[in-house]
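Undergrad: To convert, take the position in the sequence shown, counting from 1, and add 835; that gives this note's numbering.
Structure provided below as structure tokens; questions to follow.
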Amino acid sequence: MTETQACDLFVIGGGINGAGIARDAAGRGLSVIMCEKDDLAQGTSSRSGKLVHGGLRYLEYYEFRLVREALIEREVLLNSASHIIWPMRFVLPHSPNDRPAWLVRLGLFLYDNLGGRKKLPGTRTLDLRRDPEGAAVLDQYPKGFEYSDCWVDDARLVVLNAVDAAERGAKILTRTACSSIRRENGKWAIEMRDTRTGVVTKVSAKAVVNAGGPWVNDIIGRVAGTNSKRSVRLVKGSHIIVPKFWSGQNAYLVQNNDKRVIFINPYEGDLALIGTTDIPYDGAPENVAADETEIDYLLKVVNRYFKEKLRRSDVIESFSGVRPLFDDGKGNPSAVTRDYVFDLDETGGAPLLNVFGGKITTFRELAE
836 MTETQACDLF VIGGGINGAG IARDAAGRGL SVIMCEKDDL AQGTSSRSGK
886 LVHGGLRYLE YYEFRLVREA LIEREVLLNS ASHIIWPMRF VLPHSPNDRP
936 AWLVRLGLFL YDNLGGRKKL PGTRTLDLRR DPEGAAVLDQ YPKGFEYSDC
986 WVDDARLVVL NAVDAAERGA KILTRTACSS IRRENGKWAI EMRDTRTGVV
1036 TKVSAKAVVN AGGPWVNDII GRVAGTNSKR SVRLVKGSHI IVPKFWSGQN
1086 AYLVQNNDKR VIFINPYEGD LALIGTTDIP YDGAPENVAA DETEIDYLLK
1136 VVNRYFKEKL RRSDVIESFS GVRPLFDDGK GNPSAVTRDY VFDLDETGGA
1186 PLLNVFGGKI TTFRELAE
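Here is the structure:
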């Protein structure tokens, strides 16, 4: 047992939300300790679709405030981190059997104008029989639309936030599990354990932020010994990596019969990243993996639109992450809000802020 350390704010979780909160708080002059039981971006934050985007499909669920906020943040992040975030054009082949063309046009018009777009080019209509972006697309999709969003190196974004937090005075502790937090005399008495050596360290903090992502409920109950009226809903999202099967640096967004949309993005030069699925998940977050049903689903969606047919043997790699979505009671996983929700427990004068949900795109706004 080492000597007790003291801080203003103790942050649990080294994903994008935890790192962003640590950075923001340290920049405001607070003394901050952030602990992560594994490595930075070990969980959901490194298993995303690698996009900084407004969330075009969220418009269908009337999430206008979320889309506007995300589009504004997209511009902010593109300006401040252009070395790891860069523009990408997305081609949306249109099928009259799915969403009607007028609805797609309306959605793209709102997407172009909700967030004060400045740097990125706007939407345009494509003739996929003539425009080069349509060369790889089946002839039955003669029309398409092209719009802008951004690509991000997600894990590096987390690391850079943690590095910046450290430069502002925060202590960033990886391979360090928070084993218990208890209120004592208006403060938090915290024990954390080095997962490599087993050494236990005590911390006294004025406030705690639980940014545990998929583990947020576990931290509320097992680690803090408290309760919350709110809860997290775990939804698995899987991606596959295949050889890139089109020329050009544009990405594609395609619609499936079940109304889900799938991104097909250039990845690491000559590869393509395809995803994602939306599957309810009740297992241990650290054990999540893409299953054969999900892989087949993604392959079938792609093959519905493109001339080159992908086979199971084309899948080089797959990965899966668990989205810690705020449980808003909706039955369809795709309809569950991607917005973030805070739960503040100030019992005994020692605040505990639990963070539910959130997106990579809106991490900075969440942290503020």
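All C-beta atoms, glycine included, are put in the ideal place defined by N, C-alpha and C.
All values derive from a computational prediction rather than experimental measurement.
1) Could you check whether the region 1029-1038 touches the region 1187-1199, counting it as contact only if at least three pairs of C-beta atoms, one from each stretch, sit closer than 8 Å?
2) Please report how far the alpha carbon of Gln877 lies from the alpha carbon of Ala997, in whole angstroms.
3) Along the alpha helix (DSSP H) that carries Thr1128, what are the first and last residues, could you check?
4) What whole-angstrom Cβ distance do Arg1018 and Gly1183 have, given they're in contact under 8 Å?
5) Beta-carbon within less than 7 Å of Pro956's beta-carbon, same chain only, minus the 5 sequence neighbours each way: which residues are those?
6) Three-state secondary structure (DSSP) at Gly878?
7) Just the C-alpha distance for Cys985 and Leu891, rounded to the nearest angstrom, thanks.
8) Sorted by chain position, which residues of the same chain lie with C-beta nearer than 8 Å to Gly1021's C-beta, five sequence neighbours on each side aside?
9) So for Pro977, helix, strand or coil by DSSP?
10) Please give the ranges of any alpha helix (DSSP H) in the region 926-963, keeping only runs that are unbroken, at least 4 residues long and fully inside the region.
11) Relative to the C-alpha of Phe1161, which candidate in Arg1068, Glu1200 and Glu1203 has its C-alpha closest?
12) Using 9 Å as the threshold, is the C-beta distance between Lys978 and Thr958 below it?
13) Judging by CA-CA distance, which residue of Asp1178, Val1051 and Val1070 is the nearest neighbour of Gly849?
14) Apart from the five residues just before and just after Leu844, which ones in its own chain have a Cβ nearer than 6 Å to its Cβ?
15) With three or more C-beta pairs closer than 8 Å as the rule, is the region 909-929 touching the region 1079-1095?
16) Just grab the DSSP bridge partners of Ser1082 for me.
17) If you reduce the DSSP assignment to three classes, tell me which class Leu1160 lands in.
18) Let's test the definition: count the other Cβ atoms within 10 Å of the Cβ of Thr1128 and tell me whether it reaches 16, buried, or not, exposed.
19) Kindly indicate which three-state DSSP category Tyr1205 falls into: helix, strand or coil?
20) Report the CB separation of Leu875 from Ala854 in whole angstroms; it is logged as a contact under 8 Å.
21) Helix or strand or just coil, what does DSSP make of Asp984?
22) Check whether the region 991-1007 touches the region 1096-1110, taking contact to mean three or more Cβ pairs, one atom from each stretch, closer than 8 Å.
23) Between which residues of its own chain and Leu943 is the CB-CB distance below 7 Å, once the five residues before and five after are set aside?
24) According to DSSP, is Glu1152 helix, strand or coil?
25) Based on Cα-Cα distance, which residue from Pro1115, Asn1138, Tyr1140 and Leu1008 lies nearest to Gly1164?
26) Hey, Leu938 and Val902 are a contact pair by Cβ (cut 8 Å); roughly how many whole angstroms apart?
27) What did DSSP end up calling Tyr897 once you bin it into helix, strand or coil?
28) Going by the beta-carbon positions, is the gap between Lys1112 and Gln840 smaller than 9 Å?
TA: Let me spell this out:
1) Using a Cβ-Cβ distance cut-off of 8 Å, the region 1029-1038 and the region 1187-1199 are not in contact, since fewer than three pairs of beta carbons, one from each stretch, lie closer than that value.
2) Cα to Cα, Gln877 sits roughly 13 Å from Ala997.
3) Glu1127 to Asn1138 is the span of the alpha helix (DSSP H), which, as asked, contains Thr1128.
4) That pair is a contact at about 4 Å.
5) The answer, listed in chain order, is Ser983.
6) Per DSSP, reduced to three states, the secondary structure at Gly878 is coil, with no helix or strand assignment.
7) Approximately 13 Å, taken between the alpha carbons.
8) Gly1183, Gly1184 and Ala1185, listed in sequence order.
9) Taken through DSSP and simplified to helix, strand or coil, Pro977 comes out as coil.
10) Qualifying alpha helix (DSSP H) stretches, in chain order: 936-948.
11) Nearest C-alpha to Phe1161: Arg1068.
12) For the pair Lys978 and Thr958, the CB atoms are not nearer than the 9 Å cut-off.
13) Ranking Asp1178, Val1051 and Val1070 by Cα distance to Gly849 puts Val1051 first.
14) Counting only Cβ-Cβ distances below 6 Å, and skipping sequence neighbours, we find Ala860, Leu865, Val867 and Ala1042.
15) Flag = yes, the region 1079-1095 and the region 909-929 touch.
16) In the DSSP output, where bridge partners are listed per residue, Ser1082 has none listed.
17) It is a strand residue.
18) The C-beta of Thr1128 has fewer than 16 other C-beta atoms within 10 Å across all chains shown, which makes the residue exposed.
19) Since the displayed the chain opens at 836 and closes at 1203, residue 1205 lies outside it and no answer follows.
20) Contact between Leu875 and Ala854 holds: their C-beta atoms lie close to 7 Å from each other, under 8 Å.
21) If DSSP states are grouped into helix, strand and coil, Asp984 belongs with the strands.
22) Output reads no: the region 1096-1110 does not touch the region 991-1007.
23) Result list for Leu943: Thr958, Phe980 and Tyr982, in chain order.
24) Reduced to three states, the DSSP call for Glu1152 is strand.
25) It is Pro1115 whose Cα lies nearest to the Cα of Gly1164.
26) The Cβ separation is near 15 Å, so there is no contact.
27) DSSP places Tyr897 in the coil class of the three-state scheme, outside both helix and strand.
28) Checking the sequence, you will find Thr at residue 1112 rather than Lys. No, the Cβ-Cβ distance between Thr1112 and Gln840 is not below 9 Å.
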